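Numbering (the working numbering), first residue to last: 2 to 244.
Built from N, CA and C at the ideal position, the CB exists for glycine as well.
Just so it is clear, the structure is predicted and the values come from calculations on it, not from any experiment.
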């Protein structure tokens, strides 16, 4: 009888499922992740190329909006893959998605960003507005608007943001193709690394939605900022600050 009770307790523990969208606890875990990425970006501001705060915030906002969009995509995709593969775990799928996006995906993002400028050039767009990390008002536009050159202009930011969403979408589609092409291997690898946490669904959620993303997203944000931040001269920095 004692052995049977222990067996029942063990089964109850294992029945607990790691739920990505599981109420207040899952939301709290994602909030901790968001605060962690803020700390990473603040560190990048201190250690990275010198930028005015307005320019740094515009650079960072592109990353945050792109990452938020991909995060929602990954949540929906993990739940969809769970329904497609009955024995799979959505937390495992989310971890696979995250690992691909933040490693190989960064390389694809860099390449697609360069490709986007080639396409824009062929389409005869004014590339000055699409130069990453540059939001300063050009002398030509300033004369047309009757305003002083320098400072931060909104139009280039939104143009670059649209390009960035296209770039991360293309990256995500490539990562999805790679993941589905090797679906069995990714399932086996994620199970090997994470299934020991199955008896502790909340601990697994913290690992998948906080600890692992804090490492991978921190690396991703730092690396992407290296090619999203413009190389700024002292005179350009002065112009950003309005001086």
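Applying the 10 Å Cβ sphere with the 16-neighbour rule, what's the burial state of residue i?
{"i": "residue 240", "result": "Residue placement at residue 240 cannot be trusted, given a pLDDT of 48 that sits under 50; what the coordinates show is reported in the next sentence. That one is buried."}
{"i": "residue 226", "result": "buried"}
{"i": "residue 158", "result": "buried"}
{"i": "residue 42", "result": "buried"}
{"i": "residue 155", "result": "exposed"}
{"i": "residue 85", "result": "exposed"}
{"i": "residue 180", "result": "buried"}
Within its chain, find whatever has a CB closer than 8 Å to the CB of residue i; leave out the 5 residues flanking it on each side and keep chain order.
{"i": "residue 122", "result": "128"}
{"i": "residue 82", "result": "89, 91, 94"}
For residue i, collect the residues of the same chain with a Cβ closer than 7 Å to its Cβ; drop the 5 residues on either side in sequence, then sort them by chain order.
{"i": "residue 220", "result": "103"}
{"i": "residue 100", "result": "217"}
{"i": "residue 31", "result": "210"}
{"i": "residue 191", "result": "93, 96, 97"}
Suppose contacts are defined by Cβ-Cβ distances below 7 Å. Is residue i in contact with residue j by that definition?
{"i": "residue 168", "j": "residue 113", "result": "yes"}
{"i": "residue 205", "j": "residue 198", "result": "yes"}
{"i": "residue 136", "j": "residue 58", "result": "no"}
{"i": "residue 46", "j": "residue 165", "result": "no"}
{"i": "residue 55", "j": "residue 153", "result": "yes"}
{"i": "residue 134", "j": "residue 230", "result": "yes"}
Ignore the nearest five residues each way along the sequence and tell me which others in residue i's own chain have a CB closer than 6 Å to its CB.
{"i": "residue 111", "result": "228"}
{"i": "residue 61", "result": "42"}
Sequence ranges, alpha helix (DSSP H) only - wholly within the segment 61-138, length at least 4:
Inside the segment 61-138, DSSP marks whole alpha helix (DSSP H) runs of 4 or more residues at positions 91-103, 105-123, from first to last along the chain.
Tell me, please, whether the segment 68-79 touches the segment 168-183 by the rule of three or more beta-carbon pairs shorter than 8 Å.
Judged by Cβ distances under 8 Å, the segment 68-79 makes contact with the segment 168-183, as three or more pairs qualify.
Can at least three beta-carbon pairs, one atom from the segment 91-105 and one from the segment 212-220, be found at a separation below 8 Å?
The segment 91-105 vs the segment 212-220: in contact.
Completely contained alpha helix (DSSP H) runs for the segment 140-206, where each covers 4 or more residues:
Correct list: 140-146, 155-182, 184-195.
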